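*Asks:*
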Amino acid sequence: MKKTPFVGILAFFVVLFTMPIGHMVMVLIESIFGHNYQYPAATVLGLIGVLFLFLGVRNKDENTSTWLGFFAGLFIWTGWIEFSFVYFASHLEIAPFIENGEVATKPEYLLLPSSVGIFLATMLYFFFNKDTRCHFFRWFHRHLKLNIGKSSSASGRALSTITAMETIYITWFFYIVLLLVYDETLLGKYDALLYSVFF
Numbered sequence: 001m002k003k004t005p006f007v008g009i010l011a012f013f014v015v016l017f018t019m020p021i022g023h024m025v026m027v028l029i030e031s032i033f034g035h036n037y038q039y040p041a042a043t044v045l046g047l048i049g050v051l052f053l054f055l056g057v058r059n060k061d062e063n064t065s066t067w068l069g070f071f072a073g074l075f076i077w078t079g080w081i082e083f084s085f086v087y088f089a090s091h092l093e094i095a096p097f098i099e100n101g102e103v104a105t106k107p108e109y110l111l112l113p114s115s116v117g118i119f120l121a122t123m124l125y126f127f128f129n130k131d132t133r134c135h136f137f138r139w140f141h142r143h144l145k146l147n148i149g150k151s152s153s154a155s156g157r158a159l160s161t162i163t164a165m166e167t168i169y170i171t172w173f174f175y176i177v178l179l180l181v182y183d184e185t186l187l188g189k190y191d192a193l194l195y196s197v198f199f
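Just so we're aligned: 156 in this note's numbering is position 156 of the sequence shown, and the numbers increase by one with no gaps anywhere.
1) Taking the DSSP output, what are the residues bridged to E99?
2) Since F70 and T163 should fall inside the 8 Å C-beta cutoff, what is the C-beta to C-beta distance between them, to a whole number of angstroms?
3) Within the chosen definition, does the region 110-127 reach the region 175-188 through at least 3 CB pairs nearer than 8 Å?
4) Sort T161, K130, R157 by Cα distance to L146 and report the nearest one.
5) I need the straight-line Cα distance from I32 to P40, nearest angstrom please.
6) Identify, in the order they occur along the chain, each residue of the same chain with its Cβ nearer than 6 Å to the Cβ of N59, setting aside the five sequence neighbours on each side.
7) What does a CB cutoff of less than 7 Å around K106 pick up in its chain, not counting 5 residues either side in sequence?
8) Quick one: using the 10 Å Cβ neighbour count with 16 as the cut-off for buried, is F83 buried or exposed?
9) Is M1 helix, strand or coil by DSSP?
10) So for R142, helix, strand or coil by DSSP?
11) Starting from the N-terminal side, write out each stretch of the beta strand (DSSP E) that is 3 residues or longer and does not extend beyond the region 111-186.
12) Using 10 angstroms around the beta-carbon of I21, count the other beta-carbons present and answer buried if the total reaches 16, otherwise exposed.
13) Keeping to the same chain, check which residues put their C-beta closer than 6 Å to that of Q38; ignore five residues upstream and five downstream.
14) In its own chain, which residues sit with a C-beta less than 7 Å from the C-beta of F56, not counting the 5 before and 5 after it?
15) Kindly give me the distance between the Cβ atoms of L111 and F85, rounded to whole angstroms, as I take these residues to be in contact under 8 Å.
16) In three-state DSSP terms, what is E82?
17) Can you tell which of G149, F127, A104 has the C-alpha that lies nearest to the C-alpha of F137?
18) Taking 6 Å as the limit between beta carbons, can you name the residues of its chain near R142, skipping five residues before and five after?
19) Do you know offhand how far V181's Cα is from A158's?
20) Using DSSP with H/G/I as helix, E/B as strand and the rest coil, what is L16?
21) Just mark M1 as buried or exposed, buried being the case when its beta carbon has 16 or more other beta carbons within 10 Å.
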């Protein structure tokens with residue numbers, strides 16, 4: 001097996017089996033600390049992510065730096081970003097989406113898709129970054145013949161920071177996609193896009 005597909009497949013399964021850690025930590029924070037103290041606890045979780053990021057930036061080993069960046073992104077997303085949606089959904093008294101008498105979508109996830117504009121605007125910075133190593137972005141650069149300048153040397157890149165930001169943005173992207181395609185008021189109940197995303 002060639003190295004590139006193997007690395008990609010390995011990365012897929014690593015993310016698949018580690019992402020539930022973020023959800024587990026979120027549920028534990030909510031159940032252990034309760035409504036009054038879950039936000040300070042979430043703030044501390046985000047700070048732990050920042051500590052991991054700091055340690056990753058200072059670490060010279062690429063593998064260790066990448067792992068620290070991954071968990072930094074995971075904890076920052078869960079502690080600071082996801083819980084910020086929980087807080088403001090509660091503060092604004094957004095009601096959950098009820099279907100057949102049960103909660104189908106929590107209030108924070110009804111609020112989250114409103115961040116799509118910020119997501120797209122900030123993605124422009126990464127998309128037009130001439131030093132990007134993202135194969136997805138570089139594919140568009142090549143096929144759309146976007147001459148954005150010659151990239152500089154890859155040496156000295158902050159792999160921990162890059163991995164943390166990629167983790168946050170990929171998580172953010174798929175939350176938005178799933179919540180939008182599941183919204184029956186936008187695309188209908190059995191839209192083709194929903195099935196294409198699922199498969």
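No residue lacks a Cβ here, since even glycine has one placed at the ideal position from N, Cα and C.
Keep in mind the model is a prediction, meaning the values are calculated, not measured.
*Replies:* In terms of the structure at hand:
1) E102
2) 5 Å
3) yes
4) K130
5) 12 Å
6) S65
7) P96
8) buried
9) Interpretation of M1 is limited by its pLDDT of 46, a score under 50 that renders its predicted location unreliable; the figure taken from the coordinates is listed afterwards. In the structure shown, M1 sits in coil (DSSP, three-state: anything other than H, G, I, E or B).
10) helix
11) none
12) exposed
13) I29, E30
14) As written in the sequence, residue 56 is Gly, which differs from the Phe given in the question. Around G56: S65, L68, G69, A72, S160.
15) 5 Å
16) helix
17) F127
18) none
19) 35 Å
20) helix
21) Confidence at M1 is low in this model, with a pLDDT of 46, below 50, so the placement of that residue should be treated as unreliable; the coordinate-derived value is given next. M1 is exposed by the Cβ-count criterion.
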